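A.B. asks:
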Amino acid sequence: MSHISEIFGSSVFNDSVMRERLPKATYKALRKTIDEGLPLTLEISEVVSSCMKDWAIEKGATHFTHWFQPMTGITAEKHDSFINPTEDGKVILEFSGKELSKGEADGSSFPSGGLRATFEARGYTAWDCTSPAFIKNNTLYIPTVFCSYTGETLDKKTPLLRSMECLSKSAIRVLHLFGNEKVTKVTPTVGPEQEYFLIDKKIYDRRKDLIFTGRTLFGAKAPKGQEMEDHYYGSIKQRVSAFMKDLDEELWKLGISAKTEHNEVAPAQHELAPIFTTANIATDHNQLTMELLKSVALKHGLVCLLHEKPFAGVNGSGKHNNWSLSTNDGQNLLDPGKTPHENAQFLIFLCSVIKAVDEYADLLRLAAGNPGNDHRLGANEAPPAIISVFLGDELTKILDQIASGGDISTNKAGKLTVGVSTLPAFPRDTTDRNRTSPLAFTGNKFEFRMVGSSASIASSNFFLNTTVAEVLENFADRLEKASDINAEVSSIIKDVVKHNGRVIFNGNGYSEEWVAEAEKRGLPNIKSYVESIKCLLEEKNISVMEKHKVFSRVEMHSRYEISLEKYIKTINIEALTMLEMSRRQILPAVISFGAQLANSINQIKSCGVDADISANAELLKEVTSLTTQLSKEITLLDKKVSEAQEATHDSYAQAMLYRTGVFAQMGSLRAVADKLECIVDSKLWPFPTYADILFNI
Ligand code: ADP
Ligand code: MG
Numbered sequence: 001m002s003h004i005s006e007i008f009g010s011s012v013f014n015d016s017v018m019r020e021r022l023p024k025a026t027y028k029a030l031r032k033t034i035d036e037g038l039p040l041t042l043e044i045s046e047v048v049s050s051c052m053k054d055w056a057i058e059k060g061a062t063h064f065t066h067w068f069q070p071m072t073g074i075t076a077e078k079h080d081s082f083i084n085p086t087e088d089g090k091v092i093l094e095f096s097g098k099e100l101s102k103g104e105a106d107g108s109s110f111p112s113g114g115l116r117a118t119f120e121a122r123g124y125t126a127w128d129c130t131s132p133a134f135i136k137n138n139t140l141y142i143p144t145v146f147c148s149y150t151g152e153t154l155d156k157k158t159p160l161l162r163s164m165e166c167l168s169k170s171a172i173r174v175l176h177l178f179g180n181e182k183v184t185k186v187t188p189t190v191g192p193e194q195e196y197f198l199i200d201k202k203i204y205d206r207r208k209d210l211i212f213t214g215r216t217l218f219g220a221k222a223p224k225g226q227e228m229e230d231h232y233y234g235s236i237k238q239r240v241s242a243f244m245k246d247l248d249e250e251l252w253k254l255g256i257s258a259k260t261e262h263n264e265v266a267p268a269q270h271e272l273a274p275i276f277t278t279a280n281i282a283t284d285h286n287q288l289t290m291e292l293l294k295s296v297a298l299k300h301g302l303v304c305l306l307h308e309k310p311f312a313g314v315n316g317s318g319k320h321n322n323w324s325l326s327t328n329d330g331q332n333l334l335d336p337g338k339t340p341h342e343n344a345q346f347l348i349f350l351c352s353v354i355k356a357v358d359e360y361a362d363l364l365r366l367a368a369g370n371p372g373n374d375h376r377l378g379a380n381e382a383p384p385a386i387i388s389v390f391l392g393d394e395l396t397k398i399l400d401q402i403a404s405g406g407d408i409s410t411n412k413a414g415k416l417t418v419g420v421s422t423l424p425a426f427p428r429d430t431t432d433r434n435r436t437s438p439l440a441f442t443g444n445k446f447e448f449r450m451v452g453s454s455a456s457i458a459s460s461n462f463f464l465n466t467t468v469a470e471v472l473e474n475f476a477d478r479l480e481k482a483s484d485i486n487a488e489v490s491s492i493i494k495d496v497v498k499h500n501g502r503v504i505f506n507g508n509g510y511s512e513e514w515v516a517e518a519e520k521r522g523l524p525n526i527k528s529y530v531e532s533i534k535c536l537l538e539e540k541n542i543s544v545m546e547k548h549k550v551f552s553r554v555e556m557h558s559r560y561e562i563s564l565e566k567y568i569k570t571i572n573i574e575a576l577t578m579l580e581m582s583r584r585q586i587l588p589a590v591i592s593f594g595a596q597l598a599n600s601i602n603q604i605k606s607c608g609v610d611a612d613i614s615a616n617a618e619l620l621k622e623v624t625s626l627t628t629q630l631s632k633e634i635t636l637l638d639k640k641v642s643e644a645q646e647a648t649h650d651s652y653a654q655a656m657l658y659r660t661g662v663f664a665q666m667g668s669l670r671a672v673a674d675k676l677e678c679i680v681d682s683k684l685w686p687f688p689t690y691a692d693i694l695f696n697i
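Quick note: the sequence shown, position 310, residue 310 per the working numbering, numbers continuous.
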């Protein structure tokens with residue numbers, strides 16, 4: 001135990017290091033900047049940078065990097081060493097305030113969606129002092145935002161920070177009306193649960209699809225899948241457990257509070273959950289966690305797959321984004337609380353989420369989407385693509401009762417009116433139904449369960465933060481004008497139930513009936529990621545993002561282009577990999593097998609014995625017929641890819657061609673190849689099968 005407390009945060013320039021090492025006045029000024037979002041002066045950063053450098057060098061660092069999160073979804077870094085040559089041919093180690101607070105990166109190769117003209121390829125990085133610097137691989141990492149020369153955002157951190165700011169402002173207005181005058185800051189808190197697969201590196205190396213695309217593009221089901229439910233929460237195998245131990249240490253050093261680890265539903269699948277923290281640190285930490293999962297796995301001869309659907313036929317991986325709101329005086333605003341007063345405040349915050357989710361469901365759908373998650377959403381292992389909110393029966397009943405103007409009775413004796421009496425303690429709903437909900441209220445937080453395992457959680461959170469901020473602002477306007485706050489609270493709840501209650505659904509989200517019911521309720525069911533991207537151009541969405549200064553119109557447009565481009569590139573790579581594997585690996589193998597069968601028939605015949613060769617002949621017929629089919633499907637895929645590649649006039653149309661033409665044809669090709677896998681001599685099959693991959697560790 002003492003070991004853990006020793007290593008926890010040991011590589012982080014965190015609050016206690018700052019307090020210990022910085023001059024008192026500098027510490028105070030920096031703290032103020034962090035807590036109140038004040039601008040950082042060069043004087044402060046000069047002192048901080050020199051202190052940070054000494055600390056980093058003591059810990060063995062030789063380089064520093066501005067670490068940022070471009071729209072590729074992963075992180076980027078450019079390393080500079082601390083050395084500075086002196087006239088006498090030696091070097092001194094330097095790190096200036098300017099180097100800490102601002103950097104320049106040639107950003108021309110990062111996606112910008114047309115924001116940056118080629119003549120102005122420079123991008124700037126600026127220190128986000130609300131997320132602590134840390135040391136990894138002998139390098140001092142400085143978390144930064146990334147923007148263009150003209151100030152447009154080119155990353156995922158800037159909008160997140162902006163969204164946290166506007167959310168805090170709106171929430172404070174509401175809190176002050178409830179008499180919480182001391183609250184000066186409200187912060188969204190996030191705890192992302194991360195799912196992943198671990199497979200053997202030697203086997204991985206023999207599959208081009210895993211190497212190029214992170215998922216298997218071919219593969220018949222193994223005789224055993226997840227049906228025995230023997231993996232879920234099963235005992236953790238030694239090799240995996242050694243990996244987890246190592247991973248925990250690495251995470252703890254970086255101050256990432258990895259807490260829970262267990263086996264997941266599918267064979268070779270696992271999950272890791274940290275303790276929640278502020279949204280931007282949680283986002284940084286999740287990016288680091290994904291990197292470390294991969295790098296620590298390699299040390300153990302394993303490969304960590306973060307793709308949403310690495311294997312067909314068994315569950316894929318997601319990320320549950322647990323989200324709540326916390327005040328600087330320690331209140332969780334989504335905790336029902338014990339006093340009537342707290343209850344009314346809770347209901348207002350609860351309703352703000354319900355309304356935001358209903359009115360901006362398309363943005364959340366978009367945030368959860370990526371090419372990989374298209375395999376999962378709505379496929380009975382992850383929530384459907386329809387956004388709904390699970391509240392549980394108890395809470396739903398209370399909202400309905402307030403809406404119908406009746407007395408609010410509790411399970412126990414006694415009546416209750418908002419703000420006058422107490423709400424019952426809500427039992428935490430642990431039924432399976434909330435597992436099928438995209439956004440489940442789980443007692444004191446919302447769990448957004450649609451996010452893909454490989455995705456950055458930034459966008460889920462900045463859309464959630466901004467839209468909730470918008471609703472809270474609207475509530476604050478109403479409450480500030482009201483003569484009777486209690487009556488206005490009731491009236492707000494009534495309005496939300498009436499206008500947005502359609503988004504509340506406590507039933508089984510995986511059922512067919514829900515799809516029909518949702519349609520009746522008028523809830524959007526955006527089936528594919530490509531279709532969801534269009535919502536970035538919707539006027540209501542642009543205006544809410546503009547109003548809260550999270551995105552400008554131009555920035556929304558650039559994200560639209562980037563998302564489409566990413567989709568196009570992903571499917572293009574997958575299709576080319578399929579063509580390569582099927583032409584150069586599968587076809588030769590099945591042709592050899594056909595020849596082997598033909599030879600066997602000829603050999604038997606030449607013996608002159610009157611033997612029965614019907615089985616050989618049947619198999620030969622089947623193999624050759626499937627081989628012909630395979631070849632046709634290959635030609636067709638090739639054609640679809642060319643068609644899509646040429647359709648460059650309009651990126652949306654092109655992405656749709658990849659979706660309806662290329663992606664669909666990939667499925668047809670796979671089906672034939674998988675049939676062949678089941679009948680071809682295993683010694684001839686050119687790459688490891690699902691059985692080899694999933695049951696190997
Ligand atoms: P459950 O059993 O409902 O999944 P857990 O307590 O295991 O809940 O928490 C799951 C995740 O939710 C963890 O990462 C945890 O840190 C996070 N979490 C808990 N409370 C909050 C909160 N107030 N805000 C954000 N995340 C939270
Ligand atoms: Mg969960």
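Beta carbons: idealized from backbone N, C-alpha and C, even for Gly.
Please read these numbers as outputs of a predicted model, since none were measured by experiment.
Is GLY191 near the ligand ADP - that is, is its Cβ less than 7 Å away from at least one heavy atom of it?
C.D. replies: Yes, Cβ of GLY191 sits closer than 7 Å to a heavy atom of the ligand ADP.
A.B. asks: How many angstroms separate the CA atom of GLU261 from the CA atom of LEU247?
C.D. replies: Approximately 11 Å, taken between the alpha carbons.
A.B. asks: Would you say THR442 touches the ligand ADP, meaning its beta carbon is less than 7 Å from a heavy atom?
C.D. replies: Yes, Cβ of THR442 sits closer than 7 Å to a heavy atom of the ligand ADP.
A.B. asks: Would you kindly work out how many angstroms separate the C-alpha atoms of ALA220 and TYR690, rounded to a whole number?
C.D. replies: Rounded to whole angstroms, ALA220 to TYR690 spans 7 Å at the Cα level.
A.B. asks: Looking at the ligand ADP, does it come within less than 7 Å of TRP252, judged from the CB to the closest heavy atom?
C.D. replies: TRP252 Cβ: outside cutoff for every heavy atom of the ligand ADP.
A.B. asks: List the DSSP bridge partners of ALA702.
C.D. replies: The question about residue 702 has no answer here: the residues shown for the chain are numbered 1 through 697.
A.B. asks: Taking 7 Å as the cut-off, is the beta-carbon of SER324 closer than that to any non-hydrogen atom of the ligand ADP?
C.D. replies: The answer is yes for SER324.
A.B. asks: Quick check: what's the CA-CA separation for GLU394 versus CYS351?
C.D. replies: Using only the alpha carbons, I get a separation of about 15 Å.
A.B. asks: How would you write the range of the beta strand (DSSP E) that VAL190 sits in, first residue to last?
C.D. replies: VAL190 -> beta strand (DSSP E) spans 186-200.
A.B. asks: Assuming the contact rule is C-beta atoms closer than 8 Å, ALA476 and SER170 should be a hit. Round their C-beta distance to whole Å, please.
C.D. replies: With 8 Å as the limit, ALA476 and SER170 qualify as a contact, their Cβ atoms being about 6 Å apart.
A.B. asks: To which residues does DSSP link ILE83 through a beta bridge?
C.D. replies: BP columns for ILE83 point to LEU93.
A.B. asks: Whole angstroms are fine: how far does the CA of THR213 sit from the CA of GLU712?
C.D. replies: This structure leaves residue 712 out entirely; the chain is present only between 1 and 697.
A.B. asks: Three or more C-beta pairs closer than 8 Å, one from the region 556-576 and one from the region 384-402: is that the case here?
C.D. replies: As far as the Cβ criterion goes, the region 556-576 does not touch the region 384-402, which means the pair count is below three.
A.B. asks: Identify whether GLY452 lies in helix, strand or coil by the three-state DSSP scheme.
C.D. replies: Reduced to three states, the DSSP call for GLY452 is strand.
A.B. asks: Count the C-beta pairs between the region 325-332 and the region 501-513 that are closer than 8 Å, then say yes if the count reaches three, no if not.
C.D. replies: As far as the Cβ criterion goes, the region 325-332 does not touch the region 501-513, which means the pair count is below three.
A.B. asks: In whole angstroms, what is the alpha-carbon distance linking LEU217 and ASP674?
C.D. replies: Distance between the alpha carbons of LEU217 and ASP674 is about 10 Å.
A.B. asks: Going by CA-CA distance only, name the one from GLY103, GLU152, PHE82 that's closest to LYS90.
C.D. replies: Comparing Cα positions, the closest option is PHE82.
A.B. asks: Can you tell me where the alpha helix (DSSP H) with THR289 in it begins and where it stops?
C.D. replies: Run containing THR289: 279-299, per the alpha helix (DSSP H) assignment.
A.B. asks: Which same chain residues, not among the five before or five after ASN315, have their C-beta less than 8 Å away from its C-beta?
C.D. replies: Excluding residues within five positions, the ones whose Cβ falls inside 8 Å are GLN226, GLU264, VAL265, ALA266, GLN269, GLU381.
A.B. asks: What first and last residue would you give for the beta strand (DSSP E) that runs through LEU325?
C.D. replies: 319-327 is the span of the beta strand (DSSP E), which, as asked, contains LEU325.
A.B. asks: Could you work out which residue in GLY113, SER131, LEU42 is closest to ILE34 when comparing CA atoms only?
C.D. replies: Ranking the options by Cα distance to ILE34, first place goes to SER131.
A.B. asks: What does DSSP give as the partner residues of PHE390 in its beta bridges?
C.D. replies: Paired residue(s): ALA440.
A.B. asks: Just to confirm, are VAL550 and THR466 a CB contact at a threshold of 8 Å?
C.D. replies: Their beta carbons are under 8 Å apart, which means VAL550 touches THR466 by this criterion.
A.B. asks: Near ASP612, what residues of its chain come up, given a Cβ to Cβ distance below 7 Å and the 5 sequence neighbours on each side ignored?
C.D. replies: Answer for ASP612: no residue qualifies.
A.B. asks: Report the three-state DSSP secondary structure of GLU512 (helix, strand or coil).
C.D. replies: In the structure shown, GLU512 sits in a helix (DSSP, three-state: H, G or I).
A.B. asks: I want to check one thing, is the minimum distance from the CB of LYS156 to the heavy atoms of the ligand ADP below 7 Å?
C.D. replies: It does not: the Cβ of LYS156 is nowhere closer than 7 Å to a heavy atom of the ligand ADP.
A.B. asks: Among LEU272, LEU333, GLY97, LEU254, which one has its Cα closest to the Cα of VAL240?
C.D. replies: Comparing Cα positions, the closest option is LEU272.
A.B. asks: Is THR648 helix, strand or coil when you go by DSSP?
C.D. replies: In this structure, THR648 counts as coil in the three-state DSSP scheme.
A.B. asks: Check whether the Cβ of ALA671 lies closer than 7 Å to any heavy atom of the ligand ADP, and answer yes or no.
C.D. replies: Outside the cutoff, so no.
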